[in-house]
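Here is the structure we will look at.
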Amino acid sequence: MTRTLLFAIGGLLLGGIIHIAIILLVPSYSTRDAWTSVGRFGDDNQFHLLPRAEPGTEALPYLDPGMAYAVCRFSLGKGPVRMQAKLPETFWSLAVFDRRGRNIYSLNDRSAENSTLDLVVATSVQIAELKQEPREALESSIVIENPGNSGFALLRVFVPDPTLADEAIDALRRADCRALS
Amino acid sequence: MRLLIDLVVALAIAIAVGAASAWYAIDRGRLFNSLSVGEWTAWPESGSPDADPYSGAMLARSGEVPLGAAEGLAFSADSDNTGAPLTGRCNYVLVGQTPLARLWTLTAYDAEGRLMGPAEHRTGFHSREILRRPDGRFEVRIARTVQPGNWLPIEPVDRFRLVMRLYDTPLATGSRFGELTMPQILREECR
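Chains as they are written, first to last, in the working numbering: chain A, 1 to 181; chain B, 1001 to 1191.
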């Protein structure tokens, strides 16, 4: 009896280890994570306008229907990726996520200090290279480091009124996300 | 033979306990580092690189994209001010004031996280369009049928959730100014 009890306790301890392993492994094996679902909208290294969030056509879970969105899934294999956009004079923000969906950087129109977005995402090696050979064109860009080669960025623009949606959508359509050559 | 049975029992316990508790933890959602104000809860660290592994696992399963610290903070509520779950069978009124933010929006979702109502209906309110009382306070009526004033339509679902997103708020970066106040969700008549 005592022996069975010992085995049961051992089983509980092993259960604890399995619990921790599952929690830590879910992000690596999930196929429903944000990075994977963002890939549905089109090719990487390009901003894609998300359809307006309306009942039944939500592009991603729990998006605010009061905003218009564009998303760019990037891969840094061919070099750093630069994101540029000219956005309306209203609230807008950008969040950059790594492959596992962790938010590595975010900014809004106030912290960007004007209505243009100019951001370069690079790996640590690429950042070191950029520092060695500074490029004039990138002097005003914000440079951020991404752990690993892939990730995505979500750009949102506030739409105060449906009649103003076109302005936001036009700006998002023209938003640029491409590898630096 | 005894040993084999014991081993099988131990393994069965391990797998059952491990998998069930992990599933429960992920499904119940973010347990740690929450910021609660009355019936509202927010997770300022959700999605940040310092977030706990549970919130990482939950985001990976839900596919949700959390707000970054410079973007804002989302508060959600599943119950009214008495703790009773929000249901589409009742009417609610949201009254009070919000913490400091440049902009906020209020949206209702069903239990699966989908927006409710026909497409031509409004799916949310934002701070710049809301009708306010002279003292700056406001009231939003959450109901299935047309209401005067600020009306946020819902469907007769069993459970729903309200999400109030505060954009560009010092709260998201951990600063606090005085006492935090969120609007109260008061239940009115039910059918």
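Note that beta-carbon positions come from the ideal geometry of N, C-alpha and C, so glycine has one too.
Report, in whole angstroms, the separation of the C-beta atoms of Gly11/A and Ala1014/B, which I expect to be a contact under 8 Å.
-> Correct: roughly 5 Å between the Cβ atoms.
For Asp1052/B, which residues of its own chain have a beta-carbon under 6 Å away from its beta-carbon, when the five flanking residues on both sides are left out?
-> Non-local beta-carbon contacts of Asp1052/B in its own chain, meaning distances under 6 Å to residues more than five positions away in sequence, involve Phe1032 in chain order.
Quickly, what does DSSP pair Phe47/A with across the bridge? List them, please.
-> Bridge partners of Phe47/A: Cys72/A.
Express the C-alpha separation of Val26/A and Tyr987/B in angstroms, rounding to a whole number.
-> Here chain B covers residues 1001 to 1191 and nothing more, so residue 987/B does not appear.
Opposite Arg156/A in the DSSP bridges: which residues?
-> Per the DSSP secondary-structure output, Arg156/A pairs in a beta bridge with Tyr69/A, Ser93/A.
DSSP puts Ile22/A in a beta bridge; with which residues?
-> In DSSP, Ile22/A forms no bridge with anything.
Using the beta-carbon count (16 or more within 10 Å), is Ala1084/B buried or exposed?
-> The residue in question, Ala1084/B, is exposed, as its Cβ has fewer than 16 Cβ neighbours within 10 Å.
Return no unless some Cβ of chain A is closer than 9 Å to the Cβ of Glu1071/B.
-> Interface residue, yes.
Could you please give me the residues that DSSP links to Tyr1167/B through a beta bridge?
-> Answer is Gly1072/B, Leu1103/B, bridged to Tyr1167/B.
Between Ile22/A and Ala1022/B, which are expected to be in contact by the criterion C-beta below 8 Å, what is the C-beta distance as a whole number of angstroms?
-> Correct: roughly 4 Å between the Cβ atoms.
Please name the residues in the region 151-170 of chain A whose beta-carbon is closer than 7 Å to at least one beta-carbon of chain B, in chain order.
-> Taken in chain order, the members of the region 151-170 of chain A whose beta-carbon sits within less than 7 Å of a beta-carbon on chain B are Leu154, Phe158, Pro160.
Could you name the residues of the same chain whose beta carbon sits closer than 8 Å to that of Pro1156/B, not counting the 5 residues immediately before and after it, in chain order?
-> So the list reads Gly1088, Arg1089, Arg1144, once near-sequence residues are dropped.
is_contact[Ile1154/B, chain A] using C-beta, thresh 9 Å | At a cut-off of 9 Å between beta-carbon atoms, Ile1154/B makes no contact with chain A.
Based on the DSSP output, what are the partners of Phe7/A in its beta bridges?
-> DSSP lists no partner for Phe7/A.
Measure the beta-carbon distance from Gly1063/B to Ala34/A and round it to whole angstroms, keeping in mind my assumption that it falls under 8 Å.
-> Indeed they touch by this definition, with Cβ atoms about 5 Å apart.
Which one of Tyr62/A, Cys72/A, Ala8/A, Leu138/A has the shortest CA to CA distance from Asp176/A?
-> The shortest C-alpha separation from Asp176/A is found at Cys72/A.
Taking only the alpha-carbon atoms, compute the straight-line gap between Asp1168/B and Phe1125/B and give it to the nearest angstrom.
-> Our two residues, Asp1168/B and Phe1125/B, have alpha carbons roughly 17 Å apart in a direct line.
Sub-9 Å separation of Asp44/A and Ser181/A beta-carbons = At least 9 Å separates the beta-carbon of Asp44/A from that of Ser181/A.
Just grab the DSSP bridge partners of Val121/A for me.
-> Paired residue(s): Val81/A, Ile144/A.
Through-space distance from Ala1010/B to Ile169/A, alpha-carbon basis = Answer to the nearest angstrom: the Cα atoms are 58 Å apart.
Return the CA-CA distance between Tyr29/A and Trp1043/B, expressed in angstroms with no decimal places.
-> Near 24 Å, if we compare the C-alpha coordinates of Trp1043/B and Tyr29/A.
Quick one: any contact between the region 92-110 of chain A and the region 132-139 of chain A, if contact means 3 or more CB pairs under 8 Å?
-> Result no; under three Cβ-Cβ pairs closer than 8 Å.
Name the two residues that bound the continuous beta strand (DSSP E) containing Pro1153/B.
-> Note, Pro1153/B: beta strand (DSSP E), 1150-1153.
If you measure from the beta carbon of Arg1102/B to each beta carbon in chain A, is any gap under 9 Å?
-> The Cβ of Arg1102/B sits closer than 9 Å to at least one Cβ of chain A.
Extent of the continuous alpha helix (DSSP H) to which Gly1018/B belongs = Taken as a continuous stretch (DSSP letters only), the alpha helix (DSSP H) holding Gly1018/B covers 1002-1028.
Quick one: is Leu1131/B near chain A, going by C-beta distance under 9 Å?
-> Taking a beta-carbon distance threshold of 9 Å, Leu1131/B does not count as an interface residue toward chain A.
Confirm, please, whether the CB-CB distance from Trp1151/B to Val1140/B is below 9 Å.
-> Yes. Within cutoff.
List the residues of chain A that Leu1171/B touches, going by C-beta distances under 8 Å, in chain order.
-> Near Leu1171/B there are no residues of chain A at all, since even the closest Cβ is about 14 Å away, more than 8 Å.
Please name the residue or residues paired with Leu1180/B in a DSSP beta bridge.
-> None, per the DSSP bridge assignment.
For the region 19-32 of chain A, which residues have a beta carbon sitting closer than 9 Å to at least one beta carbon of chain B?
-> Under the 9 Å Cβ criterion, the region 19-32 of chain A contributes His19, Ile20, Ala21, Ile22, Ile23, Leu24, Leu25, Val26, Pro27, Ser28, Tyr29, Ser30, Arg32.
Pair within 9 Å by beta-carbon distance, Tyr1109/B and Leu1115/B = Taking 9 Å as the cut-off, the Cβ atoms of Tyr1109/B and Leu1115/B count as close.
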